[in-house]
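Colleague:
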Amino acid sequence: MKLGFCGGVDLASSIRDWGYDYIELALAPLAQQTDDEFAASLKTLKASGLPCLACNVFLPRSVPVVGPAVKREDCLAYVKKAVGRAAQLGAKVIVLGSSGSRNIPAGFPGSKALEQLRDFARLAAEEAAAQGITIVIEPLNMTESNIINRVSEGLLLTLAVDHPNCKVLADTYHMQIEREGLEALAQAGSELHHIHVSTFLGRKIPLAADKEALKALFSQLQAIGYGGHVSIEAGFRSDQAAEAAEALQVMRGLLA
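For what it's worth, this note's numbering labels the leading residue of the sequence shown as 16, then goes sequentially.
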């Protein structure tokens, strides 16, 4: 189980110095860069020596995947470009959260929205499979999204997509807001492919004071034979470097 940290490409060298195994980069901004801009980003990443094993922020708001404005040809064109760039970065996981692209517009049928999200996830998984990448559906709490709020719902959507390169993600912050227990991870089982962690209060980097919550999480992951990775997706209080290093020490201790 590798431990990563979410951040921009300019943070890669710092994340390496903090001791993390990989960086998780936001894909949408990179997918929208010019070729020259992306080449520069790729150069910065490679210079850090830190691998990018995952990408979050799959979609920009300008690419809706739910609602009356959906255009399959636009979705496909974006996915091809984004997945291609994720592959160049070395990513093996792309996180499908992107509430701005997937939220259900007012008055639009929820059942149709679920069908659209299923179809988009399948399209993305098909493109990702050719690059050895897995799409993971991220449940987002109800204050951020009005579709797929819980891991249990993400699991059902994953099963409906029915593609080996589409799995589900669990984010401890969203789970706590939704009051979803860790048993949801066991229910997801082999369909669980990626984890995001942060504190419940303030969505900050977890520290030694959060050790018991992390211990419960890692115990559950080990109990189900979880084979994916864990990324910190969180803000910091005052000293990002010190807090990130402390979090890594706590997590490595729990995995020892």
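Just so you know, even glycine gets a beta-carbon here, dropped at the ideal spot from N, CA and C.
(1) Quick one: what's got a C-beta closer than 6 angstroms to A260's C-beta in the same chain, skipping five residues either side?
(2) What residues in its chain sit with their C-beta under 6 angstroms from that of A201, if we drop five residues either side in the sequence?
(3) Taking contact to mean at least 3 C-beta pairs separated by less than 8 angstroms, is the segment 56-70 in contact with the segment 84-95?
(4) I'd like to check one pair, G250 with L207: are the Cβ atoms closer than 8 angstroms?
(5) For the alpha helix (DSSP H) holding A175, just list the boundary residues, first then last.
(6) Would you mind working out which of F53, Y35, G204 and H209 sits nearest L111, comparing C-alpha positions?
(7) How big is the Cα-Cα spacing for R117 and C90?
(8) From this set, T173, L236, L68 and I148, which residue's C-alpha is nearest D275's C-alpha?
(9) Using the Cα positions of E248 and K226, report the straight-line distance between them to the nearest angstrom.
(10) I need the boundaries of the alpha helix (DSSP H) containing I119, first residue and last residue.
(11) For L263, count neighbouring Cβ atoms within 10 angstroms of its own Cβ and tell me buried if that reaches 16, exposed if not.
(12) Hey, how far is the Cα of V183 from the Cα of S205?
(13) By how many angstroms is the C-alpha of A203 removed from the C-alpha of G169?
(14) Let me know if D177 comes out buried or exposed under the rule of 16 or more other beta-carbons within 10 Å of its beta-carbon.
(15) Taking the alpha-carbon of G99 as reference, which of R165, G22, M190 and T149 has the nearest alpha-carbon?
(16) D134 lies in the alpha helix (DSSP H); which residues open and close that run?
(17) Counting C-beta neighbours from all protein chains within 10 Å, is the total for P124 16 or more, i.e. buried, or is it exposed?
(18) On the DSSP bridge list, what partners appear for A185?
(19) Identify whether I109 lies in helix, strand or coil by the three-state DSSP scheme.
(20) How many whole angstroms separate the CB atoms of Q131 and V85, which I take to be in contact at a CB cut-off of 8 angstroms?
(21) Entirely within the segment 28-95 and at least 4 residues each: give me those alpha helix (DSSP H) ranges in chain order.
(22) Since I believe L232 is in contact with M16 (beta carbons under 8 angstroms), could you give me their beta-carbon distance rounded to a whole number of angstroms?
(23) In the DSSP assignment, find the unbroken beta strand (DSSP E) run with F20 in it and report its ends.
Modeller: Reading off the structure:
(1) W33
(2) I239
(3) no
(4) no
(5) V166 to V176
(6) H209
(7) 12 angstroms
(8) Outside the displayed range of the chain (16 to 271) lies residue 275, so it cannot be described from this structure.
(9) 17 angstroms
(10) Neither: I119 is in no alpha helix (DSSP H) and is coded neither H nor E.
(11) buried
(12) 9 angstroms
(13) 9 angstroms
(14) exposed
(15) T149
(16) G125 to A144
(17) exposed
(18) I210
(19) strand
(20) 6 angstroms
(21) 42-46 and 50-63
(22) Contact doesn't hold; Cβ gap of about 11 angstroms is too wide.
(23) L18 to C21
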